[in-house]
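Residue numbers (this note's numbering), protein chains in the order written: chain A, 3 to 447; chain B, 3 to 447.
All C-beta atoms, glycine included, are put in the ideal place defined by N, C-alpha and C.
One structure is given here, and the rest of the page talks about it.
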């Protein structure tokens, strides 16, 4: 006699949506979450008395599932502050940036536009629901070697270095060209991924994105069991048994709503098929430390600055104005990304704060020197996440092991933003994946 | 009060040598092995009544630790059969091969020699004990894109495709150029890695290489505890606690003698530092299915054939005469490598046997069609190995995360062939790593 019909492992967005979908169809569900909180890679925190997110925080056009769910849960959005000019730093030079074109000279701009056009053409060649059927050549080189071959100017190369770290939290060297193409196609184009107004950073959730998970968990009530890390999953013809330190939960099926690199660490009985295990050996996470500083007010706005900057020099790669309506506090958010994250993750919070502030002074001026508060979160150090924003595919992985990404293994189904077809790696992708896994389970009866 | 002074996790060559080194210094040791046998990626089996290895089997010049240990344990070696000509297959054509030069036309040979010279120069630039200090450019592209750029002929490109699958069990797309350079440097050059006589496939162990582990385990007696998979390791200022289903073992220090991708799956308390975890997310194993067929006698020898073949067409990549002195039985060993392994691993043993035999008929003639026996081993399907021959480094990993490979984490030390400076990935490297880890522990007191 099973304890429940379906166990969901992980109470991030994917797991909670899967549970919610199943419960609404009258299915008995237990959600097992390792942490003492829900939300996975979304997490609210506080700076200078203001609620902010130290995890995923933006939504934008095309992310229909997120906007619908936000409304459905009685939440609201507000636009990311996006007025005034930003800055772009590369090779020691800080240049003001108006609009979406980088402040490059005509030769570098032409170089970049040609590369962009070429990239867009390649993006169009990716079959989004089956990237493994793309040409193996696209999967045989790194994004770095493609950029090196396609761009002649240092400026254009720096642009893609910034893009890589800002979007993937890893260097162009670490990813297959095919992965970049797939991810860009999944997110409706590079402009969409990079943009604030009109792009994936357009809107924010009033009260913080973790509220989406908190509200769903509230609805689900005691379906969600916190502080219950899952160690292993056994399955046979009769059902599944999900093992935790506080005892096992048996069910008909299980949805594992963890990123692949964490799903691969569970013990399975019988052991995972070889190709599934080979896949989960190959999907590392990027490295992000999200940092924020607060000031009495958003003084940069008075100077016509958007509070935005991107830098190829680092150690902070991207900065946005992260102030919240209804509060006078001025907040700037930045990211130590990829290799910068790995290097600065070994240092102290005090050193990271200073490095962040040093960048801000360089870009926005001496007023940035004395913030009143600081918060940070190193997602690679988090035992139950192990890196952000999400997984990237090194060369050879999509074409050789891609089909194992969503394919159920017996009574085990896979969710998590990494398994999404659209908005892979984003909150919206997490919702798609949770719905898809729930429907797999419902269809299996 | 600790149960022992040092726990060693894993009774492969690395773990057993570490234990043996420590015991000889008077240290109390417990070895915990998940399987019901010792030897890790070495394993004896039987074909047509003859003992053969379905795991690692060859030793060669420069592998001094292996030769010494073999002698020390009262074992002997014999030379791999290496007389007569081999074959090379590429793009549908099977060509006989005399000596070590591929049977290419002059243009392709010149192309290949130029590439080889260039590769050797790059190999010389790798600081073997710290590959992470090499130029990041060497780590920013795949071996595939380097081959594509450096070789103009399809023959030369096919040669490196074969090399990649034969040596690394993965495609050139999956590895960083820097990884290939490091591995080649670690194994004393590409010729050494590819060769039988004079190379890493020169000699074999009488009775099978698993005897090396079996003899060490015999010496160690009840120090070695089989069928005790380790789930987690907790450490504090007082010592370590190594958790297994049958209870914990406490000690001063622990040596984890597992490949990195398996070491990364254990639970750690406190959690692993971010950079160590990021590293173990990034070191996937190759895919090998080792297959053997037996005939009444080694009939190919009568025809002047060495029983050797390499193929870019597959699905078998490399074949050797694997007969054993003192027996009349003729044995051929082959490998489904890399992508071929992943594809053929999903099929049945009968289908794999037939695919192997079909290759042999193509290369050696119709006498190959009717073997009297067949054995196989899919190492990627093995829960406690998860792929062979060993780990490879995708682009960006050596330069960004390499230092975490051997660096102890508190009371936890790392062994396993992947952590070796010399003969990384080989049995000899496993011995080096076990000795090194044992000395770390001894020096720590």
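Is DSSP giving residue i helix, strand or coil here?
i: residue 416(A); result: strand
i: residue 83(A); result: coil
i: residue 319(A); result: strand
i: residue 4(B); result: coil
i: residue 362(B); result: helix
i: residue 34(A); result: strand
i: residue 350(B); result: coil
i: residue 212(B); result: helix
i: residue 78(B); result: coil
i: residue 270(A); result: strand
i: residue 258(A); result: strand
i: residue 60(B); result: strand
Which residue comes first and which comes last in the beta strand (DSSP E) that contains residue i?
i: residue 313(B); result: 307-313
i: residue 92(B); result: 87-92
i: residue 251(A); result: 249-253
i: residue 332(A); result: 332-339
i: residue 237(A); result: 232-237
i: residue 200(B); result: From DSSP, residue 200(B) is part of no beta strand (DSSP E); its letter is neither H nor E.
i: residue 97(B); result: 95-99
Would you tell me roughly how many angstroms separate the C-alpha atoms of residue i and residue j, rounded to the nearest one?
i: residue 90(A); j: residue 97(A); result: 5 Å
i: residue 323(B); j: residue 400(A); result: 35 Å
i: residue 10(B); j: residue 293(B); result: 31 Å
i: residue 135(B); j: residue 141(B); result: 11 Å
i: residue 185(A); j: residue 375(B); result: 48 Å
i: residue 197(A); j: residue 210(A); result: 20 Å
i: residue 446(B); j: residue 414(B); result: 11 Å
i: residue 313(A); j: residue 430(A); result: 27 Å
i: residue 420(A); j: residue 109(B); result: 46 Å
i: residue 161(A); j: residue 33(B); result: 52 Å
i: residue 246(B); j: residue 54(B); result: 32 Å
i: residue 20(B); j: residue 433(B); result: 8 Å
i: residue 385(B); j: residue 215(B); result: 20 Å
i: residue 101(B); j: residue 86(B); result: 9 Å
i: residue 24(B); j: residue 30(B); result: 8 Å
i: residue 412(A); j: residue 355(B); result: 27 Å
i: residue 231(A); j: residue 35(A); result: 6 Å
i: residue 236(B); j: residue 381(B); result: 29 Å
i: residue 181(B); j: residue 336(B); result: 25 Å
i: residue 172(B); j: residue 48(A); result: 47 Å
i: residue 343(B); j: residue 265(B); result: 23 Å
i: residue 167(B); j: residue 402(A); result: 14 Å
For a contact meaning CB atoms closer than 7 Å, what does residue i contact in chain A?
i: residue 280(B); result: 286, 289, 344, 382, 389
i: residue 173(B); result: 398
i: residue 273(B); result: 385
Tell me where the alpha helix (DSSP H) around residue i begins and ends.
i: residue 482(A); result: There is simply no residue 482(A) to check, as chain A begins at 3 and stops at 447 in what is shown.
i: residue 25(A); result: 15-26
i: residue 157(A); result: 156-170
i: residue 296(A); result: First-last for residue 296(A): 290-297, but that is the beta strand (DSSP E), not the alpha helix (DSSP H).
i: residue 279(B); result: 276-282
i: residue 122(B); result: 108-126
i: residue 403(A); result: 399-403
i: residue 436(B); result: 429-446
i: residue 460(B); result: For chain B, the structure presents residues 3 to 447; residue 460(B) sits outside this window and is missing.
Please compile the residues from chain A whose C-beta is within a distance smaller than 8 Å of the C-beta of residue i.
i: residue 141(B); result: 175
i: residue 67(B); result: Neighbours of residue 67(B) on chain A: none; closest Cβ ~28 Å, over 8 Å.
i: residue 252(B); result: Neighbours of residue 252(B) on chain A: none; closest Cβ ~19 Å, over 8 Å.
So residue i contacts chain A; which residues on that side make the cut at Cβ distance below 9 Å?
i: residue 185(B); result: The premise fails here: residue 185(B) is roughly 17 Å from chain A at the closest Cβ pair, so nothing lies under 9 Å.
i: residue 156(B); result: Near residue 156(B) there are no residues of chain A at all, since even the closest Cβ is about 14 Å away, more than 9 Å.
i: residue 17(B); result: Result: empty, since nearest Cβ-Cβ is about 20 Å, beyond 9 Å.
Residues of chain B with CB closer than 8 Å to the CB of residue i, please, in chain order.
i: residue 403(A); result: 344
i: residue 233(A); result: 233, 269
Examine chain E for any beta-carbon lying closer than 8 Å to the beta-carbon of residue i, and answer yes or no.
i: residue 276(B); result: Going by chain labels, chain E is absent from the structure shown, which instead holds the protein chains A and B.
For residue i, write down the residues that DSSP places opposite it in a beta bridge.
i: residue 246(A); result: 232(A), 249(A)
i: residue 55(B); result: 46(B)
i: residue 2(A); result: Given a span of 3 to 447 for chain A in the structure shown, any question on residue 2(A) remains unanswerable.
i: residue 227(A); result: 34(A)
Chain B partners of residue i, CB-CB under 9 Å?
i: residue 248(A); result: Chain B residues near residue 248(A): none, gap ~15 Å exceeds 9 Å.
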